[in-house]
Structures are given as C-alpha cells and as structure tokens.
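Engineer: If you read the sequence shown in this note's numbering, its first letter stands for residue 176, the second for the next number, and so on.
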Amino acid sequence: MSRNLVTYYGQTNRIDSLVEKYGSYLEQLDRETKLLLRMTLTHYVFMQQQCNPDNYTVLEALSDALFVRFICEDMPKVLKEVCTGLQGLTVDETESILDALNNSQFAIRNS
Numbered sequence: 176m177s178r179n180l181v182t183y184y185g186q187t188n189r190i191d192s193l194v195e196k197y198g199s200y201l202e203q204l205d206r207e208t209k210l211l212l213r214m215t216l217t218h219y220v221f222m223q224q225q226c227n228p229d230n231y232t233v234l235e236a237l238s239d240a241l242f243v244r245f246i247c248e249d250m251p252k253v254l255k256e257v258c259t260g261l262q263g264l265t266v267d268e269t270e271s272i273l274d275a276l277n278n279s280q281f282a283i284r285n286s
C-alpha cells in the first residue's frame, strides 16, 4: 500500500493544501527550501512551548529562525509563500510535516 509521506502521519485540510500546491512529497520544493522549512517549523514548535500559541505565527518563526541572519538576501521566495500558507498550524500538524520531511529525505537518499 503506497501512501504520500506528507499525509502518512497526520491528514488535515491544511496539510492537504500543502500537498496539492507542492506535490505529494513536496517535490516542487528544492532541497535547500525543504531544509530551511524544517528549521523554521522546528523553531515554531519550540516557540509554541515558550510563547502564547495564539500570538506566535509560522511567519514569525521564519523571521526569528537562526539561519535568517546568514541568508536573508538569498532566502528562497517560495519559503515565505509556504510559511504564509501554514498560518494557524497546530503543533501536531507541524510535527507531522517535520516527520514527513525527514522521511521523504530518507526515502529519496535510499532510492
């Protein structure tokens, strides 16, 4: 039985929209963008534990992430687009996407 890695762990409308726009394995995103998205989402989950979850957004996580100071001018434009589409993301949805990104990278390397 074949499943899309992005939807395997948690199927929500927000994740469905992400998959529709960027592909079942987010193949429309290049490796750099996927890595930066992982860092952003990891920062988002961490900050959800530190801040009031209603007041902290994925876009804020993108601008707060440590990599921003190093690649600000070269940040992929699609990354901001992806983060904008993930507004209102829950911690569970975020961790589902992180798991899927990790597993999709593993599957690609081992294929």
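From the three backbone atoms N, C-alpha and C, an ideal C-beta is built for every residue, glycine too.
1) Would you kindly work out how many angstroms separate the C-alpha atoms of L204 and Y197, rounded to a whole number?
2) Tell me which residues share the same chain as K255 and place their Cβ nearer than 8 Å to its Cβ, disregarding the 5 neighbours each side in the sequence.
3) Checking 7 Å against the spacing of the C-beta atoms, do E268 and R189 come in under that value?
4) In terms of alpha-carbon separation, which member of H218, T208 and S199 lies closest to V266?
5) Can you name, in chain order, every residue of its own chain whose Cβ lies under 7 Å from the Cβ of V253, other than the five neighbours on each side?
6) Give every residue of the same chain whose Cβ lies closer than 8 Å to the Cβ of Q262, excluding the five residues on either side of it in the sequence, and list them in chain order.
7) Would you tell me roughly how many angstroms separate the C-alpha atoms of L201 and A275, rounded to the nearest one?
Structural biologist: Reading from the atomic positions:
1) 7 Å
2) L234 and L237
3) yes
4) H218
5) L204 and T208
6) T232, V233 and L234
7) Straight-line Cα distance between these residues: approximately 10 Å.
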